[in-house]
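S.K.:
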Amino acid sequence: MAFSSIGVALTIGLLTFSLGLAEAEELLKFADIGTCLPDEYYNINLLQCVKCSSLANLMPSDDGFSCKCKADSAIIPSIGGEFPRCQKCSEDQEPTFDQRECVPCPNLVSSTEEPNSTAINECSPCPSGQITVSREWNGAISQQPSCVECAAGFKARSEFGSFGLCKPCDWRAAPEITATCNCPAASHELLRPPDEPALCVPKTRLTSWLLTDKSAQIQFDSLSESVFSQLYKDRLRPSVVLCQLNNRTACQFLANLCALGLYKDENSDDGPRPSACKAFRDSKRTPILGAVVSGGDARPWLLYGDGDAPSVLARRKLSPVKFSLHPNSNSSFLRLRAAKFSLEGNLLDLTAGGAGLLTLCPTDEEEPGLRFGAKYRISCSISARKLLAQQTTLQDLYLEATLADGSEKLYPIPILVRNMKANQAKDPTSWQLVRRMFLVDNELGRTSRENKIPKVLRYLKSCTVKTKALGQENAGQIWPPIIELTYDELSSDQMEENAAVTVSLEVTWEMEKTPTYSVQVSAAVLGSASVIWAGIAAWSRSRRDGRAQGASIDLLTLGRLILLACGPVASSFLLVSGVSALLTLLLYKGQSVPHTLLPTEEHETLLRDLVISAASLKLVEVLHLLWMQTKVDLFFMDWERPKVAPSPPPGSPPTPPSRVSIWRTYLVANEWNEIQATRRTSVTVQLLVTVFCLQVIGIEHWATPDPELHTVAQSKFGESKSLALRFAVGLLVYIVAYVVQWLVVTGFFERYVSNSVQQFIDLCSVANISVFIMSHENYGFYLHGRSAHGSADTDMQSLGEQLKREQEDMCAHRGLVPGCEQQTFEMALPPKMRAFCRRVTAPLDTTSGHRSRQLMSTKSKNGIHWQGNADRIAQAYDTMNKFLAAFFQHAIRELDYEIKEKAFLEKVLDIELADSTEKAILYADDGSSFDRVLFHGAEFTLFSFDLALFCCTEMLFSDFLLAAIVTALVANALMVIRQISGRSNVARKTLVDERFLI
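Basically the working numbering = 1-based index in the sequence shown + 864.
1) Please classify TRP1362 as buried or exposed, where buried requires at least 16 other C-beta atoms within 10 Å of its C-beta.
2) What is the DSSP secondary structure of THR1068, counted as helix, strand or coil?
3) Helix or strand or just coil, what does DSSP make of GLU1803?
4) Give a yes or no on whether the C-beta atoms belonging to ALA1393 and ARG1424 are separated by under 7 Å.
5) Hey, would you say ILE1277 sits closer than 7 Å to LEU1261, going by beta carbons?
6) Please report the residue range of the alpha helix (DSSP H) in which VAL1329 lies.
7) Flag this pair as yes or no: are the beta carbons of ASN1306 and THR1256 separated by less than 7 Å?
8) Please report the distance separating the alpha-carbon of ASN1120 from that of MET1359.
9) Out of SER1780, VAL1797, ILE1633, which has the shortest C-alpha to C-alpha gap to ALA1868?
10) Here's a check: name, in chain order, each residue in its chain whose Cβ is nearer than 7 Å to the Cβ of ALA1652, leaving out the five neighbours to either side.
11) If you count every other CB in all the chains shown that lies within 10 Å of the CB of SER1586, and 16 or more means buried, which is it?
12) Could you tell me the boundaries of the alpha helix (DSSP H) in which CYS1430 lies?
13) Tell me which residues share the same chain as VAL1834 and place their Cβ nearer than 7 Å to its Cβ, disregarding the 5 neighbours each side in the sequence.
14) For MET1284, which three-state DSSP category applies?
15) Do you know how far the Cα of ARG1543 is from the Cα of ALA1837?
16) Any idea what DSSP makes of ILE1756, helix, strand or coil?
17) Do ALA1692 and SER1780 have their CB atoms nearer than 7 Å?
18) Quick check: ALA1333 and LEU1461, are their CB atoms within less than 7 Å of each other?
19) When burial is assigned at 16 or more other CB atoms within 10 Å of the CB, is ASP1735 buried or exposed?
20) Please determine if the stretch 1382-1397 and the stretch 1111-1127 are in contact, where contact requires at least 3 C-beta pairs separated by less than 8 Å.
21) Compare the beta carbon distance of GLY1562 and THR1575 with 7 Å and say whether it is the shorter of the two.
22) Whose C-beta lies closer than 8 Å to the C-beta of VAL1597 among residues of the same chain, with five residues either side of it excluded?
23) Do ILE1346 and LEU1280 have their C-beta atoms within less than 7 Å of each other?
24) Cutting at 7 Å between CB atoms, please list the residues of its own chain near LEU1474, excluding the five before and the five after it.
25) Give me the Cα-Cα distance between ALA1738 and ALA1788, rounded to the nearest whole angstrom.
26) Would you mind working out which of SER925, VAL1856, PHE1084 sits nearest PHE1500, comparing C-alpha positions?
27) Near ALA1434, what residues of its chain come up, given a Cβ to Cβ distance below 6 Å and the 5 sequence neighbours on each side ignored?
28) In angstroms, rounded to a whole number, what distance separates the CA positions of LEU1095 and SER1088?
29) Give me the Cα-Cα distance between LYS934 and CYS1014, rounded to the nearest whole angstrom.
30) Would you call the stretch 1840-1849 and the stretch 1611-1619 in contact, with 3 or more CB pairs under 8 Å?
31) Report yes if the CB atom of PRO1102 is closer than 7 Å to the CB atom of LEU1055, and no otherwise.
32) Within 10 angstroms of the Cβ of ARG1796, are there 16 or more other Cβ atoms? Answer buried if so, exposed if not.
33) Is TYR1168 helix, strand or coil when you go by DSSP?
34) Once you ignore the five residues that flank ILE1775 on each side, which residues in its own chain have a CB closer than 6 Å to its CB?
35) Please report how far the alpha carbon of ASN1046 lies from the alpha carbon of ILE1082, in whole angstroms.
36) Would the beta-carbon of LEU1777 fall within 7 Å of that of GLN1540?
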C-alpha cells in the first residue's frame, strides 16, 4: 500500500466520520487498516473493513481502499459506479495485460481430473523467458495470441507477469551468459554498482585483492585507524573489471580513485590493502597515439615511470616556445588548460585559465594565465562548510604552447604530491610524478551514501608552481614546469565545528644559472680584501700607540685587528648584497626579453644573511667608535697672558697680579661639548623623506614581484613579496635621499648657513684657545686657535675692532706658521712627549692610580666638580698650559716638531710612514681632521650603520615604517650615549667643572 494514499484516505475518512457523528449523534465501530482480511478492502467512509464481492469477480486493490477485477477477469466498459464491472473470461481465454478484453489463450493446456473423463482445456502462463502477445502493432486484438520468447540479453518484465514487454537484463556479462539473464553463482559473481546495471563477472577475472575484506578500507593520515569508504565498496571492483574490458569511463573513474587516495599503493603496515592505483602500476608511460586511436588500452596516463623525474624536468620539448616579459605580448603568460573530470570519470570541460585552476582562493579571473616571471603568493581562509559544498572534480593540467608557425600544442604538466613518502626526499631520482590532481575530496571519506558529513575530508592545502628559465643564450625559453601539491585533512568533528583552514598558492621562478655563486665569491673576495685593509689599519694604530717596534703579534693586536675588520667586512657585505639586489631590480623591471628573473629562495637567503651579518658587524664598529671617541685625551690651551698692572702710587699697597679669565676656556669647552655628538646630516630628515617616498608616493610597490613598475598595491599577487626587490627598493630610496641631503648640506647649508666645525675653529681663534687632542698614545690632532691680535680677554669695542682689522687683512694670519692660514694638523708625537705630558699633567689622568684619583674631583648629585683640590688642579692646568705653549713655540730643545705634508700613499692608507721617535711631526690637513674624534667626522660609519640596520629590520619584518622607527631610535640612542659619555670625558680630561658644561 502506498503510504501517501493511506494518509489521504484516513484524512477524508476521519472528516466524514466526524460529520456523521455530529449529525447522527451515533457511535460507529472502528477497525484498523491492518485488520482487513485478504478479500476485504478498507472503507474510508465507514472506517471499517468491507468484503469485495466474489460474485462480481472483485478483489481488493493494491492500495487496499477499493476493489478491482480479478486477474482472470476483464473490465466491462461502463460510466460511473464505485467499483469496475468485471466479467470472468472463459476457461480457454485470458484477459489482455491491460484487462480490457478477453482473448484466446496462447498456451492452452488440456487436463483430466479423473481417468477416462473428458479433457478440460485450461489457460497456462507462457513459459519462463516468454511473453504473451495479444495485440497487433496497431493495438487491435490479435486473432491468435501467442507466446513469444525474449531475445538474448532480454527478459520478460516481471511487473506484468507473462504479459507486456521484454526488457534488457539487469546486469552486463558475456553474451553466452546474457542470453539467459542468469548469472551462475558457481563460476561468476554479480557486482552491483549504484545507479548502474549490475555486472556478472567470472571469478577468474577478480584478483585476490579484490576479494579481500579490506577492499573498502582507506588509510587517512589524520586518523590512526582505517576508514570504511562507501565509494570504494560500491565502485572499486566493478570499475576494475570494466577497465580491464577497455571501458574508458571506468578507467577514468579508477584513475580518479587513485588520485583521491593520493596515489598510495596496496602495501600497508597491517598487510596488503587494495588500491585503485594498482591498475596503473604496469602502465607508467606516456600514452602512445596509435594505441589510443586503435583502442588498445583505455587506461589514462596517470603515472610517470620510476626515476623519470630528472629526465622529465630536463626535457627540451618546450624549446620552440619563447616567452616574453612585455605586458602587451601574447607570450607574457603561461596559459594553462585543465581537462576536468567528474568523479564518475566523465569529461566535463577543457578549461583555460591560470591561478584559479590551482587554488580555492579567489583569483583574478581576467588573467589569461600565470604572468611570466611574476612571483605569486596567494593565501586565504576557507570554512569547512564551504569545502563540503564544493563538488569533487579532478583535472589533468596542460601548458598551452604556441609554436613559431602559430600552431597550438598542449604540454602535460607533471605533478609532485608531497604527501607521498617517495616525494618527501630532496633527490628527484626517487620522486614519483603523477598527472591528476584535485582541490577538494568530500566523497572518499564517506562511510555511507546517506551521511551528509564524511568521516574525513581532504583538501589542497598548498600548491607551488616552479618554473626554471633557460640561460641567456636561450632567453625566453623554459624547462618544463612542475606543480608541487600538499594535501591536508579535516575530521568530522572539525567539519561539525565549521573549522577554518588556510590554503595557499605560490608561483616561483628561477634561472638556469643563478648569481648565487657569484655573490658568494664576491663577498669572499671583498671580505678578504677588507681583512687585509683592516690589517694595515691595525698596523697603523699600533704605530700610533708605539707598539709597532716589536715584531711579535700579541692578543691586543689581534683583538684590535678583529675590531677594525668589522667595519670594512660589513661594508663589503653590504656592497655585494646591495649591488646584486639593485642589478636584479634594474634588469628584471627593465627587460622585455627575460635574461634575468627573480632570485631563488636560496639566493634571497644569502642576501638576508649578508645584510644581517653586515648590520651586526656595523654595530660592533659603532660601539668601538664610541669607545674610542669617549676616551680621547684633550686639553684646551689658553694663549692669553696676564695683563701688566699699572704701578701703584707711592705709599700705596702693591697691586695684586692680574689673572687670566677662565670663562673663555669654559665657552670653548661648552661648544666642544655641543658639537661632539652632532652629525653632519639629520637622521630624522633622512628617515622622513625615505618613508614618504616609499609609502606615501608608493615607491615600495616597485618591489611587486612582477616585471612591471607599480605605485599602488596589486591585489592579484596576494601576499607575494620579493625580499631582493624590497631590499633593492629600500636601499635605492635610502641612498638617493641621503645623497640629496648630503649635497644640500655640503653645497649649501655648511657654506651659507652654518658649519659647526668651522664655527668652532673660528671661536677658538677669537677666544685665543687652542685644542690639543690625543686620540692614541703617540698620535692626535692639534687645532691652533691663537689669536692673531695677541689678546682676546678684552671689552666688546676692542673685540669688534680686532675682527674688523682681521677682515681688512691688517693683522697677522691665524695659522701656526707665520703668513699661513693652516690651523689644523695631525700629530705624530715621540714617546717622550707622552711621558712628559703624563709627568706634568698627572692630575688630569683619572686612570693613573690612587694619587691621581685623589687629585680629581668627586661625585655629587650635581655632577663632577672640584672639592678641596682647586689649588692643585689649577697648578697642574697652568703647568700643562705652559708646557704645550712652549712646545708649539719651539721653546723646548728636547721636544721639537716639524710641519710637513702627507704623501699620497699615507693619505690613502691613513698611515704615517715618517719616523717620529725623536721629533714630532705635524701634518697639515684639509682643515678639519680633528673631527674624527667627533660624530661629525664619522659620518660614513654612522650612515652605513643606519643603512644596514634599516635594511636588516625591513628584511626581518617586511615593514619599511617599522625599519625607519627602529633606525631612528637606535641612532638617537647612540647620540645620547655619545653626548653623555663625551661630556663626562671633557670634564675628566680638561679639568672643566661639569656643572659649567651646559
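Glycine is no exception: its CB is placed at the ideal position from the N, C-alpha and C atoms.
M.R.: This is what the structure gives:
1) Sequence check: residue 1362 is Asn here, not Trp. The residue in question, ASN1362, is exposed, as its Cβ has fewer than 16 Cβ neighbours within 10 Å.
2) helix
3) GLU1803 sits in a helix when the DSSP states are folded into three classes.
4) no
5) A contact, by the Cβ cut-off of 7 Å.
6) For VAL1329, no alpha helix (DSSP H) encloses it; the enclosing beta strand (DSSP E) starts and ends at 1320-1333.
7) yes
8) 24 Å
9) Past the boundaries of the shown model lies residue 1868; the chain is included only from 865 to 1862, so the question cannot be answered.
10) Result list for ALA1652: GLU1670, CYS1675, ALA1676, HIS1677, ARG1678, in chain order.
11) buried
12) 1419-1454
13) When the five nearest sequence neighbours on each side are left out, the beta carbons in the same chain lying within less than 7 Å of the beta carbon of VAL1834 are those of LEU1813, in order along the chain.
14) For MET1284, the three-state secondary structure derived from DSSP is coil.
15) 13 Å
16) coil
17) yes
18) Against a cut-off of 7 Å, the Cβ pair of LEU1461 and ALA1333 comes out as a contact.
19) exposed
20) no
21) Taking 7 Å as the cut-off, the beta carbon of GLY1562 is found closer than this to the beta carbon of THR1575.
22) Hits under 8 Å: THR1554, CYS1557, LEU1558, ILE1563.
23) yes
24) ALA1387, PHE1437, VAL1440, SER1441
25) If you take the alpha carbons of ALA1738 and ALA1788, they lie about 32 Å apart.
26) VAL1856
27) If we look at ALA1434 and ignore the five residues flanking it on each side, its Cβ neighbours are ALA1478, LEU1481, LYS1482.
28) 20 Å
29) 27 Å
30) no
31) For PRO1102 and LEU1055, yes; Cβs fall inside 7 Å.
32) ARG1796 counts as buried, since no fewer than 16 other beta carbons sit within 10 angstroms of its beta carbon.
33) coil
34) Non-local beta-carbon contacts of ILE1775 in its own chain, meaning distances under 6 Å to residues more than five positions away in sequence, involve SER1404 in chain order.
35) 33 Å
36) no
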